[in-house]
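Peer 1:
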Amino acid sequence: MPALPHLRRPSLPHLRRPSLPHLRRPSLPALPSLPSLRRPALTLTLAALLASSLTVIAAPTEARAADPLISQGKTATASSQEGDGLSAAQAVDGDLTGTRWASQWSDPQWIRIDLGRRSDLSRAVLTWEGAYGKAYEIQVSDNGNDWTTIRKVTDGDGGTDDLALTGSGRYVRMLGTARPGGYGYSLWEFQVYGTQGDTPPPAGGAVKVTGGQGAWQLTVGGQPYTVKGLTWGPSMADAQRYMPDLKSMGVNTVRTWGTDASTKPLLDAAAANGLRVMNGFWLQPGGGPGSGGCANYVTDTAYKSTMLTEIAKWVETYKNHPATLMWNVGNESVLGLQNCYSGAELEAQRNAYTTFVNDAAKRIHAIDADHPVTSTDAWTGAWPYYKRNAPDLDLYSMNAYGDICGVRKDWVDGGYTKPYIITETGPAGEWEVPDDANGVPDEPTDVQKRDGYTKAWDCTIGHQGVALGATLFHYGLEHDFGGVWFNLIPDGLKRLSYYSVKKAFTGSNAGDNLPPVISGMTVTPAGSAPAGGEFTVRADIRDPENDPLTHKIFLSGNYANGDKGLIPAQFRSTGNGTFVVTAPEKLGVWKVYIQSEDGKGNAGIETKSVKVVAPPMTGTNVALGKPTTASSSQASYGDCPCPPERATDGRLDTRWASDWSDPQWIAVDLGARTPIRTLQLVWDPAYAKSYEVQVSDDGTSWRTVHTTTTGNGDIDAIALTETARHVRLHLTARGTGWGYSLHEFGVYS
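If you count by this note's numbering, then the sequence shown holds residues 1 to 749, one letter each, in order.
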């Protein structure tokens, strides 16, 4: 599983969930656009079937005239299509002269029909357009992957081929191996006759949405089934390791965001432990930026065709797996499209996307009649689009966190006529909580998160006859900013949230050894911890079983430098839940975490923010507001213009930035010879690795008073004993590919 998604605040009101850009989904290659080639139809030649043109693989019996046509209107796919309006579906629509399938101009090519169930075949009629197959095979398959040839044509001459067949399978395919000319293969119609038996129900029984308005129920094998689930975080290959734990929690379902070849170990492990899987299919753009691109659902037929083929492939592969519960097409794309489009185009894309979801639902239903199809979004405002454009969905799905209890009201107010499942939920997210005194989202406490899962479950099942259950977020292992916010088992350690989910699903925590409880956490000084200095963290830490505890302190620079990882802090314990922590050198708002472990596999984790500021300096900043010049400055890039005087304005939210080359310099004129005792350089991330401090009385003749070749950015404090009017930094080697950038160039007397 990739790292837990970056959390963000959506820009629209009343949104239920942020983006999930890094969740598991299949990596699909992009297909080039197919050429829109169209030529005048060649003259149709009607020819009698020539026995000499056929090589029989299995001796056919006489075609049974009484056998019905079983291919018309069924799902058809092909190896390629020549252009728009020439898809495989045109060869099974019953129109013998008006529509056709045409392939690209190469060998081999194929067209495949899914008959929906295993069938005994007696006859195939291929009505060729002028571009026919000189050599081709009729093949059958039960799974769409392994093929048996039941008829071979080696000297076809076009027109209409009426072939007697003997063979059985769910799928029938024409595999073209040789063309008579330069065009591709083109069929007005591919008709298959035979008899169809009943398809056996999937192992474990068919899954159905039963009942009616306000009284729906999910059933598995005819028995009521409430989804008691978690979203899946560990590696698919590790599923067998974790499934017994999920089972012990009362979980009966796990949800994925992508389904591909790697999904099989998860399905196998789930089935072995009596669990089911909601198999997801990821579609662009997902929940927001970074989710895999911005498909154009109005015009990009190649992308939509690719995804339909991919979805059909994995539905066919896993539809009879005993762990399959349902299919979930897309995740938060109605919301996510706002990051790709705006205005009228956004509206058109949302309608086109939900129409495509309906196309996917129809394709899935044609392959698998025994498992429901749903689609997830993060905004109840997406439901009108599904209501209007996706009638073939069996139920809706919603990701909702702090506002989970509002979903029921939105469903009622919207007059919806389909049930729903909550596919992600839990405590309030980063985008839903108020900011703290340092201006960053105030993360809920462990106790608040525990209660958030309980509330989410109660509000879900409280909508009886409509909400059919939930997969709570998130059974994940990541021990980072997002992982501590939402994971039940970060780094494999069980949280209070883990046990609240277990109690919700099983009704009890009897016999469980519960995690430590941390409360009343404070940071001093929370808004002015000196870089490289110390600050104090205090909390009340208690263990329900009085287990001996081990305490750890971590820091996250998520809001300071974008690094979501948790790094061990340098700290010392002074007893009674008090810790003295060394602040990082990088300025900005950091998160500090107390993690208390009981040695029984449990942990309490609490977090608060701390603002790291430049250390206070003794003396007077004699450079403040003085004339400042530089070798260059950026006029426009990011937050620029960034002229040199912004390095001596006393503000840490402004900066000087140079061109991206070496060497550069910045100098300040103190106005008169002035004693200089300390320089404080507050670097932007674009820092100097090598530089010299120079002084001058006339601004022309300079002498070097300090040199370094090991600069690492952040804050440099340089002690001097000098008297001069001018102070200059001569910058000779950059620490990054950018230029040089200083928030402050302080000269203290």
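We treat Cβ as the ideally placed atom computed from N, Cα and C, and that holds for glycine.
Following the continuous alpha helix (DSSP H) through Asn558, name the residue where it begins and the one where it ends.
Peer 2: Looking up residue 558 in the sequence shown gives position 558. From DSSP, the alpha helix (DSSP H) with Asn558 extends over Asn558 to Asn561.
Peer 1: Less than 8 Å between the C-beta atoms of Ala312 and Arg363, yes or no?
Peer 2: Here residue 312 refers to the residue found at position 312 of the sequence shown. Here residue 363 refers to the residue found at position 363 of the sequence shown. For Ala312 and Arg363, yes; Cβs fall inside 8 Å.
Peer 1: So, are the CB atoms of Val747 and Ile715 less than 8 Å apart?
Peer 2: Translated into the one-based positions of the sequence shown, residue 747 becomes position 747. Translated into the one-based positions of the sequence shown, residue 715 becomes position 715. Cβ atoms of Val747 and Ile715: not closer than 8 Å.
Peer 1: By DSSP, does Val440 sit in helix, in strand, or in coil?
Peer 2: Numbered from its first residue, the sequence shown carries residue 440 at position 440. Correct three-state label for Val440: coil.
Peer 1: Just tell me which of Tyr401, Thr253 and Gly604 has its CA closest to the CA of Gly492.
Peer 2: As a first step, residue 492 must be located in the sequence shown, where it is residue number 492. Answer by Cα proximity: Gly604.
Peer 1: Measuring alpha carbon to alpha carbon, tell me which of Thr707, Lys608 and Asn351 ends up nearest Thr299.
Peer 2: Indexing the sequence shown from 1 puts residue 299 at position 299. Cα-wise, what sits closest to Thr299 is Asn351.
Peer 1: May I ask you to list the residues that DSSP assigns as paired with Asp480?
Peer 2: Here residue 480 refers to the residue found at position 480 when the sequence shown is read from its first residue. Answer is Gly565.
Peer 1: DSSP three-state label for Leu163, please.
Peer 2: The residue labelled residue 163 in the question sits at position 163 within the sequence shown. Note: Leu163 maps to strand in three-state DSSP.
Peer 1: According to DSSP, which residues form a beta bridge with Gln664?
Peer 2: On the sequence shown, residue 664 is found 664 positions in, with the first residue counted as 1. Answer is Leu731, bridged to Gln664.
Peer 1: For the candidate residues Gln464, Ser596, Pro427 and Gly671, whose alpha-carbon lies nearest to that of Pro548?
Peer 2: In the sequence shown, counting from the first residue as 1, residue 548 sits at position 548. Residue Ser596 is the option with its Cα nearest to Pro548.
Peer 1: What three-state label does DSSP hand Ala65 in the structure shown?
Peer 2: Numbered from 1 along the sequence shown, position 65 holds the residue referred to as residue 65. Confidence is the limiting factor: at Ala65 the pLDDT is only 43, short of 50, which leaves the residue's position unreliable, though a coordinate-based value still follows. Looking at Ala65 - three-state DSSP - the assignment turns out to be coil, as it is neither helix nor strand.
Peer 1: In chain order, which continuous runs of the beta strand (DSSP E) of length 3 or greater are located wholly inside the segment 181–258?
Peer 2: Entirely contained in the segment 181–258, the beta strand (DSSP E) runs reaching 3 residues are, in chain order, 186–196, 207–210, 217–220, 227–232 and 253–255.
Peer 1: Please name the residue, chosen from Lys502, Ser528, Glu545 and Lys319, that lies closest to Met249 on a Cα-to-Cα basis.
Peer 2: Here residue 249 refers to the residue found at position 249 when the sequence shown is read from its first residue. Closest option to Met249, Cα to Cα, is Lys502.
Peer 1: Compare the beta carbon distance of Ser71 and Val192 with 8 Å and say whether it is the shorter of the two.
Peer 2: Indexing the sequence shown from 1 puts residue 71 at position 71. Indexing the sequence shown from 1 puts residue 192 at position 192. Yes.
Peer 1: Mind checking Ile150: buried by the 16 CB within 10 Å criterion, or exposed?
Peer 2: Reading the sequence shown from its first residue, position 150 is the one you call residue 150. By the neighbour-count rule (16 or more Cβ atoms within 10 Å), Ile150 is buried.
Peer 1: Count the other C-beta atoms from every protein chain shown that fall within 10 angstroms of the C-beta of Asn279, then say buried if there are 16 or more, exposed otherwise.
Peer 2: Reading the sequence shown from its first residue, position 279 is the one you call residue 279. Buried, because 16 or more other Cβ atoms sit within 10 Å of the Cβ of Asn279.
Peer 1: Determine the direct distance from the alpha carbon of Gln664 to that of Gly429, and round the result to whole angstroms.
Peer 2: Taking the sequence shown and counting its residues from 1, the one referred to as residue 429 is at position 429. Taking the sequence shown and counting its residues from 1, the one referred to as residue 664 is at position 664. Taking the straight line joining both Cα atoms gives about 45 Å.
Peer 1: For the segment 575–646, which segments carrying the alpha helix (DSSP H) assignment without a break, of at least 4 residues, lie completely within its bounds, in sequence order?
Peer 2: Runs found: none.
Peer 1: Who are the Cβ neighbours of Gly737 in its own chain at under 6 Å, not counting the five residues just before and after it?
Peer 2: Start at 1 with the first residue of the sequence shown, and residue 737 comes out as number 737. If we look at Gly737 and ignore the five residues flanking it on each side, it has no Cβ neighbours.
Peer 1: With H, G and I counted as helix, E and B as strand and the rest as coil, what does DSSP make of Ser749?
Peer 2: Taking the sequence shown and counting its residues from 1, the one referred to as residue 749 is at position 749. DSSP places Ser749 in coil when its eight states are reduced to three.
Peer 1: Taking 8 Å as the threshold, find out whether the segment 465–478 comes into contact with the segment 225–232 through three or more Cβ pairs.
Peer 2: The answer is yes - the segment 225–232 touches the segment 465–478, with three or more Cβ pairs under 8 Å.
Peer 1: Ser658 and Ser632: beta carbons closer than 8 Å?
Peer 2: As a working mapping, residue 658 is identified with position 658 in the sequence shown. As a working mapping, residue 632 is identified with position 632 in the sequence shown. Cβ atoms of Ser658 and Ser632: closer than 8 Å.
Peer 1: State the Cα-Cα distance for the pair Glu185 and Gly98, rounded to the nearest angstrom.
Peer 2: As a position in the sequence shown, residue 185 is number 185, starting the count at 1. As a position in the sequence shown, residue 98 is number 98, starting the count at 1. It is worth fixing the name first, because residue 185 is Tyr in this sequence and not Glu. Answer to the nearest angstrom: the Cα atoms are 16 Å apart.
Peer 1: Along the chain, where does the beta strand (DSSP E) that runs through Leu115 open and close?
Peer 2: Here residue 115 corresponds to residue number 115 of the sequence shown, with the count starting at 1. Per DSSP, Leu115 belongs to the beta strand (DSSP E) from Gln109 to Trp128.
Peer 1: Among the residues of its own chain, which have a CB less than 7 Å from the CB of Arg64, if the five just before and after it don't count?
Peer 2: For this step, residue 64 is matched to residue 64 along the sequence shown. Residue placement at Arg64 cannot be trusted, given a pLDDT of 39 that sits under 50; the coordinates are not used to answer.
Peer 1: DSSP has Thr324 in a bridge; who is on the other side?
Peer 2: Here residue 324 corresponds to residue number 324 of the sequence shown, with the count starting at 1. Thr324 pairs with Val277.
Peer 1: When the Cα atoms are used, what is the spatial distance from Ser556 to Trp590?
Peer 2: By 1-based counting over the sequence shown, the position of residue 556 is 556. By 1-based counting over the sequence shown, the position of residue 590 is 590. Approximately 6 Å between the Cα atoms of the pair.
Peer 1: Between which two residues does the alpha helix (DSSP H) holding Gly406 run?
Peer 2: Start at 1 with the first residue of the sequence shown, and residue 406 comes out as number 406. Here the alpha helix (DSSP H) through Gly406 covers Gly406 to Gly414.
Peer 1: Does Leu496 come out as helix, strand or coil in the three-state DSSP assignment?
Peer 2: The count along the sequence shown starts at 1 and reaches residue 496 at position 496. It is helical.
Peer 1: Measuring alpha carbon to alpha carbon, tell me which residue in Phe486, Lys418 and Gly482 is nearest Asp451.
Peer 2: What you label residue 451 is simply residue 451 of the sequence shown in a count that begins at 1. Out of Phe486, Lys418 and Gly482, Phe486 has the C-alpha closest to the C-alpha of Asp451.
Peer 1: Within the continuous beta strand (DSSP E) that includes Arg151, where are the two ends?
Peer 2: Translated into positions along the sequence shown, residue 151 becomes position 151. Arg151 -> beta strand (DSSP E) spans Thr148 to Val153.
Peer 1: Distance check for Asp120 and Leu165, CA to CA, integer angstroms please.
Peer 2: Residue numbering aside, residue 165 sits at position 165 when the sequence shown is read from its first letter. Residue numbering aside, residue 120 sits at position 120 when the sequence shown is read from its first letter. Distance between the alpha carbons of Leu165 and Asp120: 9 Å.
Peer 1: Who are Ser528's beta bridge partners in DSSP?
Peer 2: For this step, residue 528 is matched to residue 528 along the sequence shown. Answer is none; Ser528 lacks a bridge partner.
Peer 1: If you count every other CB in all the chains shown that lies within 10 Å of the CB of Pro202, and 16 or more means buried, which is it?
Peer 2: The count along the sequence shown starts at 1 and reaches residue 202 at position 202. Buried, since its Cβ has 16 or more Cβ neighbours within 10 Å.
Peer 1: At a cut-off of 7 Å, is Thr324 close to the ligand ATP when judged by its beta-carbon and the heavy atoms of the ligand?
Peer 2: For the ligand ATP, the structure offers nothing, since it holds no ligand at all.
Peer 1: On the DSSP bridge assignment, give the partners of Gln139 in chain order.
Peer 2: The residue you call residue 139 lines up with position 139 of the sequence shown. According to DSSP, Gln139 bridges with Thr149 and Arg173.
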